[in-house]
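First the structure, in the form of structure tokens, and then the observations on it.
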Amino acid sequence: MSALLKPLLDAPPPDSHWAASAIAGPETGPLDGSVRVDVAVVGAGVTGLSTAIHLAEQGVRVTVLEAREPGFGGSGRNNGQIIPTLSRLDPANLTAAYGEAKGSALARMVGGSAALVFDLIERYQMRCDGVQKGWIQPAHRPGRMKAAEQRVAQWQALGAEVALLDAAQTERALGTRFWHGAMVAPTGGHVNPLSLAREMARAALGLGVAIHGDTPVVSIGRAGSGWTLTTPRGGVTADRVVLATNAYTDDLWPGLRRSVVPVLNFQMVTEPLPAALRASVLPSDMACSDTRGDLHFFRWTADNRLVSGCTLVRSADAERRARERTRERIRRVFPQIGNPAIARSWSGHLAMTADFRPHFHELAPGVTGAVGYNGRGMALGTAVGRELARHATGTAAPELALPFTPVKPLPFHDLVTRFSRLYMLHLRRLDRTD
Ligand SMILES: Cc1cc2nc3c(=O)[nH]c(=O)nc-3n(C[C@H](O)[C@H](O)[C@H](O)COP(=O)(O)OP(=O)(O)OC[C@H]3O[C@@H](n4cnc5c(N)ncnc54)[C@H](O)[C@@H]3O)c2cc1C
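Taken in order, the sequence shown gives residues 1 to 434; the numbers are from full-length UniProt numbering.
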């Protein structure tokens, strides 16, 4: 494995606000010995756990193998925004890429993904501080309102419940004049993401799924018409395998790790803010991420803290600079807060793709995988998991919402990874244009 990436699975779990405030995780001891199941899932983030839940609901025998613990990857350390859109692409981009039928099916799946998350939360009574008051994408330049109008029209044409807000409505929703209007998706919202991952694990266990933490899959090989996954102290033989490892993908499947670029993103949480500020900052309690490439994003926690963050270009002294940058950003967007005290900061990796599309693969007969959520995988990954479960129970690929494509490792991947942060300079330049 590349020295650049080795630490992703080896590093300790982040000292995040979510780790400090989440419900305890269920018991998921390591696999000891050999088992045979219908489907083996690699990775216990939202994608793998959603796959497991949707399979087990149909009586399929599933084992989830997780290198560390449920929610160790992006799913337990993100901003917790439940967003029913892709990060960079609109429905028209998807139909252009995959054709009218497949592109629309994928867009519909994305458009319904936030509702799916909150349905699961409701169905399994998940204790994850779920707040479904909407997701808002404010426009950072007046000229970006035209794109917002088109985006809203495209989603509405697919039947998605989205709306356009003018500048005054946006100011009322967000408590600031920083933006110029917005798109709103009422099905979106926010959660404590680590609690969500742990509750998804609990729900899966309740349905009879076996989940083994501290169980990295070290190799996959054919076994008759199925597959054997080897782990340090045992193995799983399964008819079907789902790889759900996103940014934390290692070299388990040839080329998969090198098909995405892991990009470090910092998260910060403030000390609890006074109730009066909670009433004036993001008074709608929506999850908010704006139209910038250098994304400005904010959300409240259950205990009156604001969670935000940033991506940096330079890595030197990163933690301190990320804190300073985020504090300055909060001051600029919500001047009523003044100079916020940051209580905690942590980081995680996003899986970026060169075409900004999430990538879905049928890697071999009976083996599927999904990677490359481009920083927006909480709702998307949950919906993808449901589709991968459908595929594992016999739904043919053409009937899925997922377009399967071949794995394309990026040339000079280590170099691209090393310098990927420079891309942020390009995004910041684009942010200054309409
Ligand atoms: C800082 C940050 C902020 C973000 N904010 C948001 C947000 O607000 N909203 C949003 O929608 N998205 C957000 N994202 C993206 C989102 O977190 C991810 O897209 C999503 O969690 C991906 O889920 P997943 O289940 O596919 O992968 P992950 O949650 O990353 O899980 C993959 C799992 O696979 C395991 N694994 C890897 N290799 C192996 C192996 N060989 N054997 C066994 N296990 C293995 C890992 O340990 C890991 O637990 C953010 C991401 C980050 C890092």
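Heads up, the beta-carbon is just placed ideally off N, CA and C, and yes, glycines get one too.
Shown here, residue 286 sits in coil according to DSSP, grouped into three states, outside any helix or strand. The C-alpha of residue 354 is placed about 26 Å away from the C-alpha of residue 51. Between the alpha carbons of residue 58 and residue 311 lies a distance of about 41 Å. Three or more Cβ pairs closer than 8 Å define a contact, and the segment 266-285 meets that threshold against the segment 333-345. Rounded to the nearest whole angstrom, the C-alpha separation of residue 434 and residue 146 is 9 Å. Selection 391, 386, 427 and 85 evaluated against residue 46 yields 386 as nearest (Cα-Cα). Relative to the Cα of residue 77, the nearest Cα in the group 92, 174, 223 and 194 belongs to 194. Of the residues assessed, residue 313 falls on the exposed side of the cut-off, its CB having fewer than 16 other CB atoms within 10 angstroms.
Taken in chain order, the complete beta strand (DSSP E) segments of 3 or more residues contained in the segment 127-194 are 135-138, 163-165 and 182-185.
Between ligand 1 and the CB of residue 352, the shortest heavy atom gap is not smaller than 7 Å. For residue 268, the closest C-alpha among the options 223, 72, 329 and 406 is that of 329.
Distances between the C-beta of residue 381 and the heavy atoms of ligand 1 include at least one below 7 Å. Cβ neighbours of residue 179 within its own chain (closer than 7 Å, five residues either side excluded): 138, 139, 140, 170 and 290.
By the Cβ test, the segment 367-374 is not in contact with the segment 291-301, since fewer than three Cβ pairs between them sit closer than 8 Å. In this structure residue 64 is in contact with residue 48, their Cβ atoms being roughly 6 Å apart against a cut-off of 8 Å. Between ligand 1 and residue 65, a heavy atom-to-CB distance of less than 7 Å is present. Rounded to whole angstroms, residue 173 and residue 150 show a C-alpha spacing of 21 Å. The beta carbons of residue 15 and residue 344 sit about 7 Å from each other, so the pair counts as a contact at 8 Å. Between the alpha carbons of residue 418 and residue 264 lies a distance of about 11 Å.
By the Cβ neighbour-count rule, residue 308 is buried, with 16 or more other Cβ atoms within 10 Å of its own. In this structure the segment 111-119 does not touch the segment 220-230; the number of beta carbon pairs closer than 8 Å is below three. One thing to note: residue 55 has its Cβ no nearer than 8 Å to the Cβ of residue 383.
Taken in chain order, the whole beta strand (DSSP E) runs of length 3 or more contained in the segment 311-366 are 342-352 and 359-364. Residue environment analysis places residue 130 among the buried positions, since at least 16 neighbouring C-beta atoms fall within 10 angstroms of its C-beta. Judged by the Cβ position, residue 203 fails to qualify as a neighbour of ligand 1 at the 7 Å threshold, every heavy atom of the ligand being at least this far.
Cβ-Cβ separation between residue 403 and residue 98: approximately 5 Å, consistent with a contact (criterion under 8 Å). Rounded to whole angstroms, the gap between the alpha carbons of residue 381 and residue 373 is 8 Å.
Relative to the non-hydrogen atoms of ligand 1, the Cβ of residue 44 comes within a distance shorter than 7 Å of at least one. Around the beta-carbon of residue 296, 16 or more other beta-carbon atoms lie within 10 Å, marking it buried. The residue among 201, 215 and 398 with its C-alpha nearest the C-alpha of residue 33 is 215.
Beta-bridge partners of residue 227 (DSSP): 222 and 238. In this structure, the C-beta of residue 349 approaches ligand 1 to less than 7 Å from one of its heavy atoms. Proximity to residue 293 across 102, 11 and 428 peaks at 428, based on C-alpha coordinates. Looking at the DSSP output, residue 82 sits in a beta bridge with 189. Distances from the CB of residue 244 to the heavy atoms of ligand 1 include at least one below 7 Å.
In terms of Cβ geometry, residue 287 and residue 23 do not form a close pair [threshold 8 Å].
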